[in-house]
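Residue numbers (this note's numbering), protein chains in the order written: chain A, 15 to 227; chain B, 191 to 382. Even for Gly, the Cβ is constructed at its ideal location relative to N, Cα and C. Presented below is the structure to which this report refers.
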Amino acid sequence: MKKLYSIFKQGIIFDNPLLMLMIGLCSAIAVTTNVSNGIGMGLAMTFVLLFSEVIISLFRKLIPTTIRIPIFIIVIAAFTTMVDLVMKAYFPDLSKSMGVFIPLIVVNCIIMGRVEAFASKQKLASVIADGLGMGLGYTWVLIAIAAVRELLGSGTLAGIQVMPASYQPILFFILPPGGFFVFSLFISLNIWLKKKMEASAKNKELVTKKEAA
Amino acid sequence: MMELGKIFLLALLVNNIVVMRFIALCSYIGMTSDLGQSMGMGYAVTFVTVLATAATWPIYHYILVPLNLTFLQILIFILVIASLVQLVEFYLKKNVPGLYSAMGIYLPLITTNCAILAVTFENISFKYNFIQSIAYSVGVSLGYLLAMILLAGIRERMKTSPVPKFLQGTPILFMATALIGVAFMGFSGLIK
Chain A
15 MKKLYSIFKQ GIIFDNPLLM LMIGLCSAIA VTTNVSNGIG MGLAMTFVLL
65 FSEVIISLFR KLIPTTIRIP IFIIVIAAFT TMVDLVMKAY FPDLSKSMGV
115 FIPLIVVNCI IMGRVEAFAS KQKLASVIAD GLGMGLGYTW VLIAIAAVRE
165 LLGSGTLAGI QVMPASYQPI LFFILPPGGF FVFSLFISLN IWLKKKMEAS
215 AKNKELVTKK EAA
Chain B
191 MMELGKIFLL ALLVNNIVVM RFIALCSYIG MTSDLGQSMG MGYAVTFVTV
241 LATAATWPIY HYILVPLNLT FLQILIFILV IASLVQLVEF YLKKNVPGLY
291 SAMGIYLPLI TTNCAILAVT FENISFKYNF IQSIAYSVGV SLGYLLAMIL
341 LAGIRERMKT SPVPKFLQGT PILFMATALI GVAFMGFSGL IK
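See below:
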């Protein structure tokens, strides 16, 4: 149980796919002009990631290694098609505003990377923990970026007016360059946090060593 | 003819696939540390995008639509592109070794390049005819090449410039892209 929790935590913070591993960036910046898009994309991604990982983990002993990549792609494409059709049927507005990025989940490096590096080797339980962790890690970064951009760029959060009416929205943040700008600041913040955590971990080690001596 | 020129310019500058639409960012960040490398990647993507458009457009309109199988679009397109890349690689290796040595090593990487898949989907969803699709794919992929060369050039200059400490590493690349994006927004009035 403890091991599962640590795998889960890995995806959310330490190996966060967007901020640490720097994969699957396209959709992260493109759909984050408002929070509801961010949530939709994050959940779609989590669904495809989790179920592809589960299926591949279940069949990992049957899949011949030489043709594993095409098989992975077919499994991922099948789940992406499901998400695409469900979105079109039940959330037509959301689907329209995300456009080509829903079908592009199929070539999102996060899914291929996790399936190849993790799901094809591990047992079901840890794969579920990994899928949830990575998916939610992706989702929270998306929501955070979207919140900053929407708040500054249009003064709303998920479509609800938050800023006072006299606030003049800074259009820059919802335009494409603003996405790059905010994302850049997020990465540098994360690098700073990681350095700080590592430093404090080292300090602790030193202290315990000294005490032992 | 005007129509085609408009599609081409819109795809190349106004809606540049990388800096304005954020597609294919992984390779944009990952492959631009060297100017030659980024150009090789850009050529390979251009080549495969046009080929993939020429292959997927007829498949969609003459096979999937008559058979009522359009829901298989994602699956079929990615398989077609993957096998196409593989075929091109074999062909170039055997028959055009000069071209193969220039862009061969990038070919396997671009199977999962979002730009190519995005272009083939958009040709369908924008309801372009065959000629328009080709114009659009040429525009988009040259736009990709342009963005790659721009960032690679900036990165070469950046090696000798003082970068603020908190932006060192990847953050400065995104910051530079944001500035390129601001410049590209100037093109938005180009076409009415």
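Pairwise C-alpha distance: residue j and residue i
i	j	result
A/Val155	B/Met338	26 Å
A/Ala158	A/Ser198	13 Å
B/Lys317	B/His251	11 Å
A/Val221	A/Leu203	27 Å
A/Ala160	A/Val45	8 Å
A/Thr170	A/Thr153	19 Å
A/Lys17	A/Ile125	22 Å
B/Gly205	B/Arg211	It should be pointed out that residue 205 of chain B corresponds to Asn in this sequence rather than to Gly. Cα to Cα, B/Asn205 sits roughly 7 Å from B/Arg211.
B/Ala308	B/Ile266	14 Å
A/Pro183	A/Leu189	12 Å
A/Met96	A/Ala215	44 Å
A/Ala226	A/Glu219	10 Å
B/Leu357	A/Phe28	20 Å
A/Gln136	A/Phe61	19 Å
B/Glu193	B/Ile344	34 Å
A/Leu146	B/Val286	46 Å
B/Met348	B/Pro361	13 Å
A/Thr79	B/Ser291	28 Å
B/Ile253	B/Ile306	20 Å
B/Pro248	B/Gln276	20 Å
A/Phe86	B/Ser351	43 Å
A/Leu108	A/Ile174	16 Å
B/Tyr334	A/Met15	46 Å
Residue i: first and last residue of the uninterrupted alpha helix (DSSP H) it sits in
i	result
B/Lys196	192 to 199
B/Phe267	263 to 285
A/Gly193	190 to 226
B/Glu312	304 to 315
A/Phe86	82 to 104
B/Thr178	For residue 178 of chain B there is no data in the structure shown, the boundaries of chain B being 191 and 382.
A/Lys135	That residue, A/Lys135, is in no alpha helix (DSSP H); it is neither H nor E in DSSP.
B/Val328	320 to 348
A/Lys23	16 to 23
A/Leu39	39 to 44
B/Ala242	225 to 248
A/Thr60	49 to 72
A/Met126	123 to 128
B/Ile219	215 to 220
Residue i - partner residues in DSSP beta bridges
i	result
A/Ile174	A/Leu171
Selected residue, minimal CA-CA separation from residue i, among the options
i	options	result
A/Met34	A/Ile69, A/Ile201, A/Ala91	A/Ile201
A/Leu32	B/Ile219, B/Met210, B/Val208	B/Ile219
A/Thr47	A/Ser134, A/Ala215, A/Ile69, A/Arg163	A/Arg163
B/Leu274	B/Val286, B/Asn258, B/Gly288, B/Ala244	B/Ala244
B/Ser378	B/Phe364, B/Val209, B/Ile271	B/Val209
B/Lys355	A/Ile83, A/Gly54, A/Ser20, A/Ile205	A/Ile205
B/Ala342	B/Leu200, B/Ala242, B/Asp224	B/Asp224
A/Leu99	B/Leu203, B/Leu282, B/Thr260, B/Gly232	B/Thr260
A/Pro191	B/Met191, B/Ala201, B/Leu200, B/Ile207	B/Ile207
B/Leu340	B/Ala272, B/Leu363, B/Leu257	B/Leu363
A/Leu63	A/Ala91, A/Lys137, A/Gly173, A/Lys135	A/Ala91
B/Ser399	B/Glu193, B/Val235, B/Leu203	In the structure as shown, chain B begins at 191 and stops at 382. Residue 399 of chain B is therefore absent and cannot be evaluated.
B/Leu336	B/Cys216, B/Met192, B/Met231, B/Met191	B/Met231
A/Gly56	A/Ser140, A/Ile119, A/Thr79	A/Ile119
B/Cys304	B/Gly371, B/Ala368, B/Val238, B/Thr360	B/Val238
A/Phe186	B/Thr360, B/Gly359, B/Leu369	B/Leu369
Cutoff 7 Å; reference residue i; Cβ partners in own chain excluding five residues on either side
i	result
B/Gly195	none
A/Val176	Leu165, Gly169, Thr170
B/Gln227	Met221
A/Ser111	Asn51
B/Ala272	Thr301
A/Val235	Absent from the structure is residue 235 of chain A, since the part of chain A shown begins at 15 and ends at 227.
A/Met148	Gly25, Pro31, Leu63, Ile124, Arg128
B/Thr246	Phe267, Val270, Thr310
A/Val22	Contrary to the premise, residue 22 of chain A reads as Phe rather than Val in this sequence. Closer than 7 Å at the Cβ level, and outside the excluded window around A/Phe22, lie Ala143, Leu146, Gly147.
Residues of its chain near residue i, where Cβ-Cβ distance is below 6 Å and the 5 sequence neighbours each way are ignored
i	result
A/Leu65	The sequence shown places Phe at residue 65 of chain A, not Leu. The answer, listed in chain order, is Phe93.
A/Gly38	Pro31, Asn122, Cys123, Ile124
A/Ile43	Gly193, Phe197
Cutoff 8 Å; reference residue i; Cβ partners in own chain excluding five residues on either side
i	result
B/Phe198	Ala325, Tyr326, Val328, Gly329
A/Phe105	Gly54
B/Val240	Ile324, Ser327, Val328, Ser331
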